[in-house]
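What follows is a set of notes on a single structure, which appears directly below.
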Amino acid sequence: MARKPIQFRLNGKDEAVFVEEGQNLLDALRRQVGDTSPKYGCGQGTCGACTVLVDGEPRLSCLMLAESAEGASIETTAGLAGAELHPLQRAFLDGFAAQCGYCTSGMLMSAKALLDRNPSPTREQVVDAISGNICRCTGYEPIIDAILDAAARGAGRRSA
Amino acid sequence: MAKHRGRGVATINYPIGMNLGGDPSQALVHSNPDGKFGVALSSIDLGQGMKSVTRQIAAETLGVPVEDVYVDTADSDTGPHCMGSFASRGTHRVGNAVIAAAKEARAVMLEAAAEELEVNPEDLETDGKGNIHVKGAPSRSISTGAACAAAQFKQGRTVSGRGIFLIPLSDVDPDTGEMTPVSCFAHAALVVEVEVDDETGELSVVEMNSAYELGRALNPKLVEQQLVGGAWMGLSHAAFETTEPYYPEREHGPVDYNGYPMPGPGDIAPHNISVLERPAPDGPYGGKGPGEMCANPVLPAVANAVFNAVGIRVDTLPITPERILRGLKAQGGARPQARR
Ligand code: FES
Ligand code: FES
Chain W
-3 MARKPIQFRL NGKDEAVFVE EGQNLLDALR RQVGDTSPKY GCGQGTCGAC
47 TVLVDGEPRL SCLMLAESAE GASIETTAGL AGAELHPLQR AFLDGFAAQC
97 GYCTSGMLMS AKALLDRNPS PTREQVVDAI SGNICRCTGY EPIIDAILDA
147 AARGAGRRSA
Chain X
38 MAKHRGRGVA TINYPIGMNL GGDPSQALVH SNPDGKFGVA LSSIDLGQGM
88 KSVTRQIAAE TLGVPVEDVY VDTADSDTGP HCMGSFASRG THRVGNAVIA
138 AAKEARAVML EAAAEELEVN PEDLETDGKG NIHVKGAPSR SISTGAACAA
188 AQFKQGRTVS GRGIFLIPLS DVDPDTGEMT PVSCFAHAAL VVEVEVDDET
238 GELSVVEMNS AYELGRALNP KLVEQQLVGG AWMGLSHAAF ETTEPYYPER
288 EHGPVDYNGY PMPGPGDIAP HNISVLERPA PDGPYGGKGP GEMCANPVLP
338 AVANAVFNAV GIRVDTLPIT PERILRGLKA QGGARPQARR
C-alpha cells in the first residue's frame, strides 16, 4: 500500500511519520509515533476513549484519517503533565475518578477542551462535554466532580 | 397522560465468595535486601482496587510502611494460584491469604532483627515506619531494611512467607440438603425514587438512598468508589442493558455500543450512601468487600418503584419503555399505588 509522509505537531513537538492510506489517526499515534495515551475502545466513534485535541477541538482519533492531520497541532494525555500533573489529572487522582482507567485519557481530553474554552462550566456543561465518553466503572459522578474541582482550581485559565 | 412518581425498596443478603469444590487463594511474600517487600498474587485488579487493598493488608501485617510494599499480580503463569477476581471474593479470600503470608515473613524478619540486636524475637515490635525495636526500649532498634539485608547477606535466611486461605468444599447432607456454602455475608438496603411517563414509557431515576454493611471498609474511598459505580451498573442493568433487546433471534442482537444502550453521564441520579461497618470475624482486619453487591439491590428496587408508580409488574429485565408501555396497555392505563 502506498505510504504517505505527514507532519504535525504533537504536544508541542514536531513529528514526521509515514502513514498508510486510510489509516486512522489513533492507529498512527499509537503505532507510528508510539504515543499510546489515546486508547482504542470501539474503533467506530461511540466510546470516546480515543479522544485527542486537534487544533484545540476534541476529535475522535479513530474516526479521523491520519493524513488529514497534516499540519495540525495535536494534544494527547501524554502531553498534559509538565513538571507537575495538570490540574485535571490532579483532580482525577484526588477525586478517585478512575477505576480501570480505560476511559480516563479520553475523559481528560474532553474535559480539557471544555475548560480551555469555558474555565468555569456548570455541572450541565460538564455532563454535556463528556456525554460522548463512556465509562464502565465509575458511574460518572466522580468524573463530573473532578472536572468541576479542576475548574475551581483554575485548570481552564492555566491552559487557556 | 402524566408522569408518575414511585418509590421502591430492596434489601439483600449477599454471600462473599463461592463454594464450587472449595474456594482457595494463595499469596507469596518476600523481602528484597533493601527491606522492600514484594507480594505475588494471581488475583487480577480490574480497577476495583485489589492491589491497593492487598498492599495495605500486607503492610499492616508486616509492620512496614505501605510505600515499602509492592504487589505484583502480573503473571498467572508464575504467580501462586488464585480462583480469580469474581464472586466478590477478592478482599476476603485474598486478603486472608496475604495476612498468612505476611505473618510468616514478618516472623523471619523479626528473627533476623533479633539476631542482630542480640535479643529474643518475642521482645521485638515494629513501629510501622520502617523500624524494629525492643519493646519498651525504642532506642534499641534496627531498620527493617537493615534486618532484611542482614538476613540476606550475613545470616543466609529468606525473609519470606507463604499464605493460603481456603473455604473448603461443603458437602450437601443427602437427607436434609443442608450445607454451609459460605462463611460470610454482606448486606444492603436501597430505596429508589423513579418517575415513569405513561405516554412514552420512559423511566428515569430521581434519587437513590442506600445503606451497605460490608465489614470494615479497609479503604473507605475505594469502597465509596465501588458503591457509586456499582449502583450505576445496577441501574444500567435495570433499565438499559441487554444483548437481546427486541428480537427472538440472537443474530439481531447488538454488536456494538450503537445498539447496546447504557446510561450516560446525563442519566445518573443523586445517590446518598451510608456505609455501616461491622467487622467480619473471619475477614482480613474485618473486611468483607463490596464487590457485586454494589449493583444488586438496584434492580429489584427499580422494579418495585415502577410498580409503585404505575401499578405494573415488569418481570423481565431490562425495564425498557417498550415493556412499560405493553404493561400499561394490558392494564388499561396507569394505576399509581399508595405512596410508601
Ligand atoms: S475508539 Fe474512538 S470512539 Fe471508541
Ligand atoms: S474507569 Fe473504567 S471505564 Fe472509566
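Heads up: the protein sequence lines correspond to chains W and X, in order. Just so we're aligned, residue -3 is where the first sequence starts under this note's numbering, counting upward by one. Just so we're aligned, residue 38 is where the second sequence starts under this note's numbering, counting upward by one. Just so you know, even glycine gets a beta-carbon here, dropped at the ideal spot from N, CA and C. Fair warning: this is a prediction, and the values are worked out from it, not measured in the lab.
Distance cut-off 8 Å: residue i Cβ against heavy atoms of ligand 1
i         : result
Ser57(W)  : yes
Leu22(W)  : yes
Cys100(W) : Strictly speaking, residue 100(W) in this sequence is Thr, with Cys absent from that position. Incorrect: Thr100(W) has no Cβ contact closer than 8 Å to ligand 1.
Lys35(W)  : yes
Gln40(W)  : yes
Cys43(W)  : yes
Cys46(W)  : yes
Chain X contact for residue i (CB, 9 Å cutoff)
i         : result
Pro115(W) : no
Tyr136(W) : yes
Asp145(W) : no
Ser127(W) : yes
Gly102(W) : no
Ala156(W) : Its pLDDT being 42, under 50, Ala156(W) is placed unreliably in this model, and the coordinates cannot settle the point.
Arg5(W)   : no
Val122(W) : yes
Leu56(W)  : no
Cys46(W)  : no
Pairwise C-alpha distance: residue j and residue i
i         : j         : result
Ala68(W)  : Gln19(W)  : 16 Å
Ile49(X)  : Pro334(X) : 6 Å
Thr181(X) : Gly165(X) : 10 Å
Ala124(X) : Val292(X) : 27 Å
Asn7(W)   : Ala184(X) : 47 Å
Ser155(W) : Ala62(W)  : Its pLDDT being 47, under 50, Ser155(W) is placed unreliably by the model, and nothing is read from it.
Asn94(X)  : Met270(X) : The residue asked about is misnamed: residue 94(X) is Ile in this sequence, not Asn. Taking the straight line joining both Cα atoms gives about 28 Å.
Val339(X) : Asn345(X) : 10 Å
Gly173(X) : Gly167(X) : 17 Å
Met105(W) : Arg55(W)  : 9 Å
Leu362(X) : Gly324(X) : 44 Å
Thr242(W) : Gly290(X) : Because chain W in this structure spans residues -3 to 156, residue 242(W) falls outside the shown range and cannot be described.
Leu365(X) : Asp212(X) : 47 Å
Leu227(X) : Ala47(X)  : 5 Å
Val145(X) : Ala225(X) : 41 Å
Gln263(X) : Glu120(W) : 24 Å
Arg92(X)  : Tyr107(X) : 7 Å
Ile311(X) : Cys331(X) : Note on residue identity: the sequence assigns Ser, not Ile, to residue 311(X). Looking at the two C-alpha atoms, the distance is approximately 12 Å.
Leu25(W)  : Ala275(X) : 38 Å
Minimum Cβ-Cβ distance from residue i to chain W less than 9 Å
i         : result
Asn295(X) : yes
Gln262(X) : yes
Gln63(X)  : no
His274(X) : no
Ala150(X) : no
His118(X) : no
Gly266(X) : yes
Arg42(X)  : no
Leu336(X) : no
Buried or exposed (CB count within 10 angstroms, at least 16 for buried), residue i
i         : result
Val209(X) : exposed
Ala371(X) : buried
Lys108(W) : buried
Thr118(W) : exposed
Arg113(W) : exposed
Phe88(W)  : buried
Ser247(X) : buried
Met245(X) : buried
Arg130(X) : buried
Thr280(X) : exposed
Arg376(X) : exposed
Asp60(X)  : buried
Leu206(X) : exposed
Asp234(X) : buried
Proximity test, residue i beta-carbon vs ligand 2 heavy atom, cut-off 8 Å
i         : result
Thr134(W) : yes
Gly84(X)  : yes
Gln28(W)  : no
Ile81(X)  : no
Cys96(W)  : yes
Ile130(W) : yes
Met105(W) : no
Residue i beta carbon near ligand 4 (any heavy atom closer than 8 Å)
i        : result
Leu56(W) : The model depicted lacks ligand 4 and carries ligand 1 and ligand 2 instead.
*asked:* Which residues of the segment 18 to 43 of chain W have a Cβ closer than 7 Å to any Cβ of chain X? Give them in chain order.
replied: Cys38, Gln40, Thr42, Cys43
*Contact set between the segment 89 to 101 of chain W and chain X, restricted to residues whose Cβ is under 7 Å from the partner*: Phe92, Gln95, Cys96, Gly97
*Using Cβ-Cβ distances below 9 Å, what residues of the segment 79 to 105 of chain X are close to chain W?*
Per Cβ criterion, the list reads Asp82, Leu83, Gly84, Gln85, Gly86.
_Positions along the segment 296 to 318 of chain X whose CB lies within less than 8 Å of some CB in chain W_ = Listed by position, the residues of the segment 296 to 318 of chain X near chain W (Cβ gap below 8 Å) are Met299, Gly301, Pro302, Gly303, Ile305, His308.
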